[in-house]
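J.: Questions regarding the structure given below will be posed in turn.
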Amino acid sequence: EPEVTQTPSHQVTQMGQEVILRCVPISNHLYFYWYRQILGQKVEFLVSFYNNEISEKSEIFDDQFSVERPDGSNFTLKIRSTKLEDSAMYFCASSRGLAANEQFFGPGTRLTVL
Amino acid sequence: LAKTTQPISMDSYEGQEVNITCSHNNIATNDYITWYQQFPSQGPRFIIQGYKTKVTNEVASLFIPADRKSSTLSLPRVSLSDTAVYYCLVGIYNQGGKLIFGQGTELSVKP
Numbered sequence: 001e002p003e004v005t006q007t008p009s010h011q012v013t014q015m016g017q018e019v020i021l022r023c024v025p026i027s028n029h030l031y032f033y034w035y036r037q038i039l040g041q042k043v044e045f046l047v048s049f050y051n052n053e054i055s056e057k058s059e060i061f062d063d064q065f066s067v068e069r070p071d072g073s074n075f076t077l078k079i080r081s082t083k084l085e086d087s088a089m090y091f092c093a094s095s096r097g098l099a100a101n102e103q104f105f106g107p108g109t110r111l112t113v114l
Numbered sequence: 001l002a003k004t005t006q007p008i009s010m011d012s013y014e015g016q017e018v019n020i021t022c023s024h025n026n027i028a029t030n031d032y033i034t035w036y037q038q039f040p041s042q043g044p045r046f047i048i049q050g051y052k053t054k055v056t057n058e059v060a061s062l063f064i065p066a067d068r069k070s071s072t073l074s075l076p077r078v079s080l081s082d083t084a085v086y087y088c089l090v091g092i093y094n095q096g097g098k099l100i101f102g103q104g105t106e107l108s109v110k111p
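Going down the list, the sequences are from chains A and B.
Each residue of the first sequence is one higher than the one before, starting from 1 at the first, in this note's numbering.
Each residue of the second sequence is one higher than the one before, starting from 1 at the first, in this note's numbering.
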């Protein structure tokens, strides 16, 4: 069964450093998403991406964040200058269509900012 | 956007049937009801979706009354591995596909 993969599983970084979180969505999916979950809190939507551009973004997704699909298979989330409060699990998801029944989530990357 | 209300936590024992009810009084005519499951340290996973009456798949059943102001996720004969957080989501198609998660219901299955 196809699945969404994410690397790394755990990333530790110093405050102010740039991090890139990587995702490989399911191959025939067209819509891609990033969510985050701070420890003990609910899953929060960050951004959706379709046809090589951002479809929608939340208030969390400020200028420090960017997304890219550099090569047709990978989907990346970059945080330019990490803050302590960026520490969270980051989940990538993909779906066949915009209003598809099901979004498939990856296993997540745990980001720890020191 | 329809607000959803579900219990914060539930306890059950192995082999029992578990019913988790979600209230969504402001559900719109074209809103579907979707449930996701999240195990600790994993991403959410789609369980089931419905519009009205009853939907059943290999994992769960979803019961939706005629007024659609609530829905009940039914898990038959739970096992320890069903311990997870269960989220009820409504109206995702009106949100451009993005999923807005609430706090969910933390189900704990005991031996």
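Beta carbons are placed, not taken as given, at the ideal position from N, Cα and C, and that holds for glycine.
Starting from residue 88/A, follow its DSSP beta bridges and name the residues at the other end.
T.: 111/A
J.: Between residue 16/B and chain A, is there a C-beta pair that is closer than 7 Å?
T.: no
J.: Which residues in the same chain as residue 21/A place their Cβ atom closer than 6 Å to its Cβ, once the five residues preceding and following it in sequence are excluded?
T.: 77, 90 and 109
J.: Keeping to the same chain, check which residues put their C-beta closer than 7 Å to that of residue 14/A; ignore five residues upstream and five downstream.
T.: 114
J.: Report the neighbours of residue 201/A on chain B: residues whose CB is nearer than 7 Å to its CB, in chain order.
T.: Chain A is shown only over 1 to 114; residue 201/A falls outside these bounds and no answer can be derived.
J.: Anything in chain B within Cβ reach of residue 107/A, meaning under 9 Å, just list it in chain order.
T.: 41, 42 and 43
J.: Less than 8 Å between C-beta atoms, sequence neighbours within five positions excluded: which residues of the same chain meet that for residue 5/A?
T.: 23, 24, 106 and 107
J.: Counting only C-beta atoms, is residue 65/A closer than 7 Å to chain E at any point?
T.: The chain labelled as chain E is not found among the protein chains of the depicted structure, namely A and B.
J.: With distances taken between CB atoms, is the gap from residue 90/B to residue 12/B smaller than 7 Å?
T.: no
J.: Looking at chain A, is there any beta carbon in it that lies within less than 7 Å of the beta carbon of residue 103/B?
T.: yes
J.: Note down the Cα distance separating residue 47/B from residue 60/B, rounded to an integer number of angstroms.
T.: If you take the alpha carbons of residue 47/B and residue 60/B, they lie about 7 Å apart.
J.: Rounding to the nearest angstrom, what Cα-Cα distance links residue 80/B and residue 14/B in this structure?
T.: 6 Å
J.: Between the alpha carbons of residue 60/A and residue 37/A, how many angstroms are there, rounded?
T.: 12 Å
J.: Please state whether DSSP places residue 99/B in a helix, a strand or coil.
T.: Here residue 99/B sits in coil by DSSP.
J.: Below 9 Å on C-beta distance, what does residue 46/B contact in chain A?
T.: 101, 102, 103, 104 and 105
J.: Quick check on residue 80/B: does DSSP put it in helix, strand or coil?
T.: Helix at residue 80/B.
J.: Please confirm if the region 38 to 53 of chain B is in contact with the region 66 to 73 of chain B, defined as three or more CB-CB distances below 8 Å between the two stretches.
T.: yes
J.: Should residue 91/A be flagged as near chain B, meaning a C-beta pair shorter than 7 Å?
T.: So, interface residue.
J.: Check whether chain B comes within 7 Å of residue 48/A, counting only Cβ atoms and requiring the distance to be less than that.
T.: A Cβ of chain B is located within less than 7 Å of the beta carbon of residue 48/A.
J.: With a cut-off of 7 Å, does the C-beta of residue 42/A fall near any C-beta of chain B?
T.: yes
J.: Can you tell which of 19/B, 101/B and 3/B has the C-alpha that lies nearest to the C-alpha of residue 63/B?
T.: 19/B
J.: From residue 25/B to residue 33/B, what distance separates their C-alpha atoms?
T.: 12 Å
J.: Reducing DSSP to helix, strand and coil, say where residue 15/A ends up.
T.: coil
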